[in-house]
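Engineer:
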Amino acid sequence: MKSVLLIRLSSLGDVVLTTPVAANLKRAGLRVAVLTRRAFAPLFEGNPTVDEVFVFEDRGVWGWARAIRARRFDAVIDLHGTGRSRLWSMVSGATRRVRYDKRAAARRRLVWTKKAAPTLAGGVVDRYLETLAALGVPAVERTPRLYPSREDRPSADFAEALGDSPFLVLAPGAQHATKRWPAERFAAVADRWLSERPNARAVLLGAATDIPAGAAVRAAMDRPVVDWVGRTSLAEMLRILNRAALVVTNDSGATHVAAALGRPTVAVFGPTVREFGFFPVGPRVAVVEGGPLPCRPCALHGKPRCPEGHFRCMTDIPVEHVLAAARVAAGEPRP
Numbered sequence: 001m002k003s004v005l006l007i008r009l010s011s012l013g014d015v016v017l018t019t020p021v022a023a024n025l026k027r028a029g030l031r032v033a034v035l036t037r038r039a040f041a042p043l044f045e046g047n048p049t050v051d052e053v054f055v056f057e058d059r060g061v062w063g064w065a066r067a068i069r070a071r072r073f074d075a076v077i078d079l080h081g082t083g084r085s086r087l088w089s090m091v092s093g094a095t096r097r098v099r100y101d102k103r104a105a106a107r108r109r110l111v112w113t114k115k116a117a118p119t120l121a122g123g124v125v126d127r128y129l130e131t132l133a134a135l136g137v138p139a140v141e142r143t144p145r146l147y148p149s150r151e152d153r154p155s156a157d158f159a160e161a162l163g164d165s166p167f168l169v170l171a172p173g174a175q176h177a178t179k180r181w182p183a184e185r186f187a188a189v190a191d192r193w194l195s196e197r198p199n200a201r202a203v204l205l206g207a208a209t210d211i212p213a214g215a216a217v218r219a220a221m222d223r224p225v226v227d228w229v230g231r232t233s234l235a236e237m238l239r240i241l242n243r244a245a246l247v248v249t250n251d252s253g254a255t256h257v258a259a260a261l262g263r264p265t266v267a268v269f270g271p272t273v274r275e276f277g278f279f280p281v282g283p284r285v286a287v288v289e290g291g292p293l294p295c296r297p298c299a300l301h302g303k304p305r306c307p308e309g310h311f312r313c314m315t316d317i318p319v320e321h322v323l324a325a326a327r328v329a330a331g332e333p334r335p
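FYI, in the numbering used here the residues of the sequence shown are 1 to 335.
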């Protein structure tokens, strides 16, 4: 066996979590290629464990499919786990096809019964790495890593706004409303953090869909904040996060990006739980989560609103707990 194709089409955090699989394959002396959507291709720029990236496009499917087939991969690992990705595994022409076990039934049972099955031990990275056994490749590397170029810096506008001051990044967005810690709590964390560090700055980051969340945090803050929500490309976001002194996020893709860059990261988890497998992995990561509630977890991916109407999984998390976690992640002594 000489070459392997990895398939993970989306989403941001899930794609980041595939990087240990690539690292172990490369460590075994194999040629590694990745199939993902164009939006996530920048995650693999500069990654020494990935030799080639194929961009998945909804249009012109058979063009890139032929290109993949022409590479004559010996094996394909489907880390997406859908009918579509199974089809592309077959189209690749690889004689050995491996598919990761999503534990979908066990996760659904957890939502309904609030009891976690033993099969949900560990995280998604561990479940991705299980696929290597079928190819006889040991899973030695277990931490996601991204490799922004040392020469890469934010564009001129961003660099001018940042200067040389240490800065805090707030990423208050999330795809589902119940996964967003209240904006005023993010604002309070930022104000307290900045008040203790006179030379520090604060930056808001996120996708265009996170603009309302960013605006709410900005409006609630007493101190100035640079709002770049919806204004950066993924490549620019990586470069900015790579310089951050601290990153505070919800359960979102930004969490996994910051952790994989090795930045001090605090992630706030409310309706989702560790057993789903998406707690961030990294040496400088702290997770603050809601306490035990009879309604938690309420869904696999969050909901538009709290089904119980009280949102306690998030509102019960105090600012002080997040600040304490931030100091731990940043390697600072407790006050």
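Using N, Cα and C, we set each Cβ at its ideal position, and we do this for glycine too.
With C-beta atoms as the reference, is residue 221 less than 7 angstroms away from residue 187?
Structural biologist: Their beta carbons are under 7 angstroms apart, which means residue 221 touches residue 187 by this criterion.
Engineer: Who does residue 272 pair with in a DSSP beta bridge?
Structural biologist: According to DSSP, which records beta bridges pairwise, residue 272 is partnered with nothing at all.
Engineer: With three or more beta-carbon pairs closer than 8 angstroms as the criterion, would you say the stretch 133-141 touches the stretch 24-42?
Structural biologist: Flag = yes, the stretch 133-141 and the stretch 24-42 touch.
Engineer: Across which residues does DSSP place residue 168 in a beta bridge pair?
Structural biologist: Bridge partners of residue 168: 202, 246.
Engineer: Indicate the three-state DSSP secondary structure (helix, strand or coil) for residue 74 in the structure shown.
Structural biologist: Coil at residue 74, not helix or strand.
Engineer: Between residue 272 and the rest of its own chain, which residues show a CB-CB distance below 6 angstroms, the 5 nearest in sequence each way excluded?
Structural biologist: These residues qualify, in order along the chain: 251, 297.
Engineer: Could you give the DSSP three-state label for residue 267: helix, strand or coil?
Structural biologist: DSSP places residue 267 in strand when its eight states are reduced to three.
Engineer: Can you tell me whether residue 120 is buried or exposed, with buried defined as 16 or more other CB within 10 angstroms of its CB?
Structural biologist: Under this definition residue 120 is a buried residue.
Engineer: Between residue 228 and residue 204, how many whole angstroms is the CB-CB distance? I'm expecting something under 8 angstroms.
Structural biologist: Contact holds; Cβ gap of about 6 angstroms.
Engineer: Among 197, 60, 180, which one has its Cα closest to the Cα of residue 212?
Structural biologist: For residue 212, the nearest C-alpha among the options comes from 180.
Engineer: Tell me, which residues are paired with residue 31 by DSSP?
Structural biologist: Paired residues: 3.
Engineer: Please confirm whether residue 34 and residue 55 have their CB atoms less than 7 angstroms apart.
Structural biologist: No.
Engineer: Contact between the stretch 111-118 and the stretch 91-99 is defined here as three or more beta-carbon pairs at a separation below 8 angstroms; is this criterion met?
Structural biologist: In short, these stretches do not touch, since the Cβ pair count stays below three.
Engineer: Throw me the rounded Cβ distance for the residue 169 and residue 240 pair, which I believe falls under 8 angstroms.
Structural biologist: Going by Cβ atoms, the distance from residue 169 to residue 240 rounds to 7 angstroms, so yes, they are a contact pair.
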